[in-house]
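Colleague: Chain order of the listed sequences is A and Y. Going letter by letter, the first sequence gives residues 574 to 748 in my numbering. Going letter by letter, the second sequence gives residues 4 to 174 in my numbering. All C-beta atoms, glycine included, are put in the ideal place defined by N, C-alpha and C. Since this is a predicted model, take the numbers as computed values, not measurements.
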Amino acid sequence: MAWAFTRIGLLSFGGGSASQLLMRKELVWKKGWLTDVEYNRIWQLSKLAVGIQQIGQVILYGRKLAGRAGIAVAIAGFMLPSCLLTIIMSIVLVAVIGNRYIEDALRLVVPLTGGMTMAIAWQMWSPETPRAPRHYLRLLGQGVIVLMCSILVGVVRVPVPLIMVAALTLGALLP
Amino acid sequence: MINPLELFLLFLKASALSFGGLGGLPILHQDLAERGIPELDRLIGQALAVGRISPGPNGLYVVSLGYEMNGILGGIIGGLALALPPFVVLLIVALYARVAHLKRTANALLALSFALTGLLGFTSWQIMTSSSHDVFEWVAGLAGFYVSARFRFHPVTLIGITAVIGVAVYR
C-alpha cells in the first residue's frame, strides 16, 4: 500500500485530474483493491473534506483498505515524497534567486501563476452558456455573488472566513 | 520572519477553513498581508510556481511558501498543516449522511463554491497585478489565465515556456 500511494503521489504531475487517473489505475485497475463503484463512492464523499480534497480521499481509501494503519500508510506514502520534492525544488529556487537569468524568468513566471490561479477560480465557477431567459437570471445571480465576495475581501477587507460562513448561510436560507 | 508556531497556525487556519488545494490562498494572503510580510505577492507567486511543477496534490505551494518564510522547518510545517485538516472528512462523512438529502445543503455548498470563486479570483488578480509592471508581465498574466482556462496545457510546460521567454525578453 505504501508503495502504491507513493507512486500516486510522486507521479501525479499536473494536479487533480492526473492524481485521479493514477489513483484509479493503481487501486482499481492494477491492484484490484477497490471496485469502480467503491472508488466512485469514496471519491464523492471526499468532496466534503476541508483542505485538499485528494488528501481526504486518500484518508478514506486508506481506512477502507486497512483501517487506521491504512490511513497512516496511505497518507505517508502520498504526502511525504511529494512534500520532500517540493522542499528540494524550493531550496533550489531560493539558492538561484539573484541570478540574472532566474530573475528574468521569474519576472514573467510570477504574473503567469497569478493568471493560472485565476483560471482555476474561473473553472470552479464554470458558468454555463445561457440558452433561455431564466438561465441569464441564474447566471446574473451567480455573478453577483462572485463579484460581491471579491469586493468584500478586496475593498471592504472583510475577513475571508466570515464571507465563507455568510455564503453558506445565504445558500442554506434559499428555498 | 514569522515564528514557526504562528506560521503553522496560519497555514492550519487557511487549510481548515477552505475547500480544495487553492481554496485557502485568500485566507492565507489576507493573514500574511496583515503581518506586513515584505514582497508577499512575489513570494506567493514563486511558491505557486513551485507548487504547480511539483508532483502530488494541488496546494503544495504552502510547503514551498513555508520554506521561503522559515526554511526547512517552514516546509515541514506547511506539509503538516495541509495533511491534518482533511482528517475531518471522517467526521463529516458520518454527519453528512443525515443532511445530504436536504436541498438546503446543496444550496449552501453551491453558494460557497461561488464565494470561493470570487475570493480566489480576487487574490490571484492581486498577485498578477502587483507583479506586473510592464507590458510583457501583463501579457504573461493574462495569457496564463486564457491558456489555462481554454486549453489543457500542462502547468510544467507553460511555466517552462514562459521562463524561457522571460530570459529572452529581458536579457
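Round the Cβ separation of A/ALA692 and Y/SER151 to the nearest angstrom and send it over; I've been treating them as touching at under 8 angstroms.
Modeller: Numbered from 1 along the first sequence, position 119 holds the residue referred to as residue 692 of chain A. Numbered from 1 along the second sequence, position 148 holds the residue referred to as residue 151 of chain Y. Confirmed, about 3 angstroms.
Colleague: Can you list, in chain order, the stretches of the alpha helix (DSSP H) that have 4 or more residues and sit fully within the stretch 590–675 of chain A?
Modeller: 609–619, 626–669
Colleague: I want to check one thing, is the minimum distance from the CB of A/VAL733 to the heavy atoms of the ligand ATP below 7 angstroms?
Modeller: You won't find the ligand ATP in this model; it holds no ligand whatsoever.
Colleague: Look up Y/SER22 in the DSSP assignment and say whether it is helix, strand or coil.
Modeller: Stepping through the second sequence from its first residue, residue 22 of chain Y is reached at position 19. A small fix is needed here, since residue 22 of chain Y is Phe in this sequence, not Ser. Strand, per DSSP.
Colleague: Which of the residues in the stretch 121–133 of chain Y, read from start to end, lie with their CB under 8 angstroms from any CB of chain A?
Modeller: GLY121, LEU122, LEU123, GLY124, PHE125, THR126, SER127, TRP128, GLN129, ILE130, MET131, THR132
Colleague: Going along chain A in order, which residues have a C-beta closer than 8 angstroms to the C-beta of Y/GLY62?
Modeller: Residue numbering aside, residue 62 of chain Y sits at position 59 when the second sequence is read from its first letter. The answer, in chain order, is GLY624, ILE625.
Colleague: Output the distance between the C-alpha atoms of A/GLY624 and A/PHE651, rounded to the nearest integer angstrom.
Modeller: By 1-based counting over the first sequence, the position of residue 624 of chain A is 51. By 1-based counting over the first sequence, the position of residue 651 of chain A is 78. One C-alpha to the other measures close to 15 angstroms.
Colleague: Looking at the structure shown, is Y/ILE5 part of a helix, part of a strand, or coil, going by DSSP?
Modeller: Your numbering for residue 5 of chain Y matches position 2 in the second sequence. Annotated three-state conformation of Y/ILE5 is coil, per DSSP.
Colleague: Quick check: is the beta carbon of Y/ILE80 nearer than 8 angstroms to any beta carbon in chain A?
Modeller: Stepping through the second sequence from its first residue, residue 80 of chain Y is reached at position 77. Cβ-Cβ to chain A under 8 angstroms: no for Y/ILE80.
Colleague: Is the stretch 58–74 of chain Y touching the stretch 640–656 of chain A, taking contact as three or more C-beta pairs under 8 angstroms?
Modeller: With the rule of 3 Cβ pairs closer than 8 angstroms, the stretch 58–74 of chain Y counts as touching the stretch 640–656 of chain A.
Colleague: Within 10 angstroms of its Cβ, does Y/ALA97 collect 16 or more other Cβ (buried), or is it exposed?
Modeller: Walking along the second sequence from the start, residue 97 of chain Y turns up at place 94. Y/ALA97 comes out exposed.
Colleague: With a threshold of 8 angstroms, are at least 3 pairs of Cβ atoms found where one atom belongs to the stretch 64–81 of chain Y and the other to the stretch 708–721 of chain A?
Modeller: Fewer than three pairs of CB atoms, one per stretch, sit closer than 8 angstroms, so the stretch 64–81 of chain Y makes no contact with the stretch 708–721 of chain A.
Colleague: Of all Cβ atoms in chain Y, is any one closer than 8 angstroms to the Cβ of A/GLY643?
Modeller: Working through the first sequence from its first residue, we reach residue 643 of chain A at position 70. No, because no Cβ of chain Y sits closer than 8 angstroms to the Cβ of A/GLY643.
Colleague: Any beta carbon of chain A sitting closer than 8 angstroms to that of Y/GLY39?
Modeller: On the second sequence, residue 39 of chain Y is found 36 positions in, with the first residue counted as 1. So no, Y/GLY39 is outside the interface.
Colleague: Output the boundary residues of the alpha helix (DSSP H) element that contains Y/ILE30.
Modeller: Indexing the second sequence from 1 puts residue 30 of chain Y at position 27. Segment 28–37, the alpha helix (DSSP H) holding Y/ILE30.
Colleague: Go ahead and label Y/GLU71 buried or exposed: buried means 16 or more other beta carbons lie within 10 angstroms of its beta carbon, across all protein chains shown.
Modeller: Working through the second sequence from its first residue, we reach residue 71 of chain Y at position 68. Result: buried.
Colleague: Using a Cβ-Cβ cut-off of less than 9 angstroms, list which residues of the stretch 137–148 of chain Y approach chain A; keep chain order.
Modeller: ASP137, PHE139, GLU140, TRP141, VAL142, ALA143, GLY144, LEU145, ALA146, GLY147, PHE148
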